[in-house]
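Have a look at the structure below, then the notes.
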Amino acid sequence: MTARIFKPAKNAMQSGKAKTRDWQLDYEPEQPRAVEPLMGWTSSSDMKQQLTLRFDTKEEAVAYCERKGIPYQVIEPKEPVKRQIAYADNFSFRRGEPWTH
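When you line the sequence shown up against numbering that gives the first Met the number 0, it's residues 0 to 100, in that order.
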């Protein structure tokens, strides 16, 4: 039973960054998922896959794993690239292609 500690990514459907400031602890699956032959649903008997813990800091999550004796892996977040763009650049004379509607 290995745990992953990471910061969740921003939701692609929203522009906000809700629930991305906390650190999340998820357990790696111990058993593979199986497809039920009757309905075709994917199921697993591993209940730890359903468990998600949230912490304010990475240190709290690491301390929790060490206190409980859980092996863990920390995945550091990638910093987003900030592009400096301006609306006026759409109408610049140095623009590579002509601006059209």
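Backbone N, C-alpha and C fix where the C-beta goes; we use that ideal spot for every residue, glycine too.
For P36 and Y71, the rounded distance between their alpha carbons: The alpha-carbon atoms of Y71 and P36 are separated by roughly 34 Å.
Could you tell me whether the Cβ atoms of E29 and K57 are closer together than 8 Å? Cβ atoms of E29 and K57: not closer than 8 Å.
Backbone CA spacing between Y26 and I4 [nearest angstrom]: Rounded to the nearest angstrom, the two C-alpha atoms are 9 Å apart.
Hey, R112 and T41: beta-carbon distance below 8 Å or not? Residue 112 falls outside the range modelled here, since the chain spans only 0 to 100, and no answer is possible.
D88, DSSP secondary structure in three states: Here D88 sits in helix by DSSP.
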